[in-house]
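As structure tokens, the structure follows; a few thoughts come after it.
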Amino acid sequence: MITGETGVGKDVIAQILHENSPRSDKPFVRINCGAIPETLLESELFGYEPGSFTGARKGGKMGLFEVANHGILFLDEIGELPIVLQVKLLRVLQDGKITRIGGTVPKQLDVRVIAATNRSLSDMVLKGKFREDLYYRLNVVPITVPPLRERVEEIPEFVNFFLSKYNKKYGMNKSIDARVISEMQRYKWPGNIRELENVIERAIVTSKGDVITDIRLRESDELDLDAIDFSTIQTEKGNKLKATLEVYEKRLLQEALKKYGSTRKTAQVLGVDRSSPILCVKFLWSWQ
Numbered sequence: 007m008i009t010g011e012t013g014v015g016k017d018v019i020a021q022i023l024h025e026n027s028p029r030s031d032k033p034f035v036r037i038n039c040g041a042i043p044e045t046l047l048e049s050e051l052f053g054y055e056p057g058s059f060t061g062a063r064k065g066g067k068m069g070l071f072e073v074a075n076h077g078i079l080f081l082d083e084i085g086e087l088p089i090v091l092q093v094k095l096l097r098v099l100q101d102g103k104i105t106r107i108g109g110t111v112p113k114q115l116d117v118r119v120i121a122a123t124n125r126s127l128s129d130m131v132l133k134g135k136f137r138e139d140l141y142y143r144l145n146v147v148p149i150t151v152p153p154l155r156e157r158v159e160e161i162p163e164f165v166n167f168f169l170s171k172y173n174k175k176y177g178m179n180k181s182i183d184a185r186v187i188s189e190m191q192r193y194k195w196p197g198n199i200r201e202l203e204n205v206i207e208r209a210i211v212t213s214k215g216d217v218i219t220d221i222r223l224r225e226s227d228e229l230d231l232d233a234i235d236f237s238t239i240q241t242e243k244g245n246k247l248k249a250t251l252e253v254y255e256k257r258l259l260q261e262a263l264k265k266y267g268s269t270r271k272t273a274q275v276l277g278v279d280r281s282s283p284i285l286c287v288k289f290l291w292s293w294q
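Numbering of the sequence shown is given in this note's numbering, commencing with residue 7 and proceeding in unit increments.
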């Protein structure tokens, strides 16, 4: 069982496990349990016999368990698996046999199962949303992948890897300034490695010159309202709402201008048009 936040690379860990296992020359089959409708998921996993339902193929269909026979089946986002199918999955893990939809004869299989989730299955068990017996059956060898913010020392290596990947893809030869990497190591990366990869690709295709000296991070384009001190604003009895809001607006503009240094950038971050005459007056007023 591989657990970790979205984007930490759980699928990569699963592939590494496969490549370093005695089954490395056998199939590695992946299915995202949250990406397939519940009505189709059972047939995708277990297959079906001819004529088992309307629209079924004439010759039936192998399920992914059969496709992965002698290899590894990777059940990504296992927390999205419907309760009804959890029962059937538990039976397969215990008996090592599957029965196709519409079939009566079970088939013996030899499949190793790796599961992954970004959800807390233990909490789901307490809430009755995930079977306790299946949880313990899957959680034999638990692997937790820490978020990127807890392993910032790895960021330079990831940056170099993605630079190489996307330089090759777009036929470029760009590098990145060391100061930018330092800035990236201070960022929290809520989207983890997936977000880092997207940031590098965007920087390669949008930056001017061969050296990336500035990079757009989600955090750098948002104003942290929690960090602004509004405590000095008086809201005494009788203070009208309009007057109070104007004082808040003034403080917000002051903090935004202080952080971004220009009306253009401030207007962009706040989502307003800097050419508006009223706004121009307010920018000047905010410094009074």
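Beta carbons: idealized from backbone N, C-alpha and C, even for Gly. Just so we're clear, the structure is a prediction, and the values are computed from it rather than from any experiment.
- Query: Hey, is the segment 77 to 87 in contact with the segment 33 to 43, meaning 3+ C-beta pairs nearer than 8 Å?
  - Reply: yes
- Message: Looking only at its chain, what residues have a beta carbon closer than 7 Å to the beta carbon of Glu242, apart from the 5 residues adjacent to it on each side?
- Response: Because the pLDDT of Glu242 is 48, which lies under 50, any placement of that residue in the model is unreliable, and the question is left without a value.
- Give the DSSP-derived three-state secondary structure of Phe34 in the structure shown. strand
- Item | Cβ contact check for the segment 101 to 114 and the segment 57 to 69: 3 or more pairs under 8 Å | yes
- Which residues in the same chain as Gly57 place their Cβ atom closer than 6 Å to its Cβ, once the five residues preceding and following it in sequence are excluded? none
- Task: Tell whether a beta-carbon distance below 9 Å holds between Glu217 and Asp183.
- Result: According to the sequence provided, residue 217 is Val. The question's Glu does not apply to it. Cβ atoms of Val217 and Asp183: closer than 9 Å.
- Message: So for Tyr141, helix, strand or coil by DSSP?
- Response: helix
- Message: Quick check: the Cα distance between Tyr193 and Gly10, rounded to an integer number of angstroms?
- Response: 19 Å
- Task: Take the Cβ of Phe59 as the centre, count every other Cβ of all protein chains shown within 10 Å, and call the residue buried at 16 or more, exposed below.
- Result: exposed
- Who are Ala122's beta bridge partners in DSSP? Ile8
- May I have the straight-line CA-CA distance separating Ile8 from Pro88, to the nearest angstrom? 19 Å
- In angstroms with no decimal places, state the Cα-to-Cα distance between Arg257 and Ala41. 45 Å
- Query: Going by the beta-carbon positions, is the gap between Leu140 and Leu202 smaller than 9 Å?
  - Reply: no
- Task: Decide yes or no for the touch test of the segment 146 to 157 against the segment 171 to 189: beta carbon pairs closer than 8 Å, at least 3 of them.
- Result: no
- Message: I need the boundaries of the beta strand (DSSP E) containing Leu79, first residue and last residue.
- Response: 78 to 82
- Just tell me which of Asn38, Val117, Gly53 has its CA closest to the CA of Leu81. Asn38
- Any idea what DSSP makes of Val217, helix, strand or coil? strand
- Message: Contact defined as beta carbons within less than 8 Å: I believe Leu115 pairs with Glu72. What is the distance between those atoms, to the nearest angstrom?
- Response: 7 Å
- Query: How is Met190 classed by DSSP in three states: helix, strand or coil?
  - Reply: helix
- Task: Would you tell me roughly how many angstroms separate the C-alpha atoms of Ile86 and Val205, rounded to the nearest one?
- Result: In the sequence as displayed, the identity of residue 86 is Glu instead of Ile. So the alpha carbons of these two residues sit roughly 28 Å apart.
- Message: Using the three-state DSSP reduction, which class does Thr150 fall into: helix, strand or coil?
- Response: strand
- Query: Can the beta-carbon of Arg200 be found closer than 9 Å to that of Arg222?
  - Reply: no
- Task: Could you check how far apart the C-beta atoms of Phe52 and Gln92 are, in whole angstroms? I think they sit under 8 Å.
- Result: Between Gln92 and Phe52 the Cβ distance is about 13 Å, and since that is not below 8 Å, they are no contact.
- Query: According to the neighbour-count rule (16 or more other Cβ atoms, all chains shown, within 10 Å of its Cβ), is Val90 buried or exposed?
  - Reply: exposed
- Message: One question on the structure: do Ile120 and Asn173 come within less than 9 Å of each other, judged by their Cβ atoms?
- Response: no
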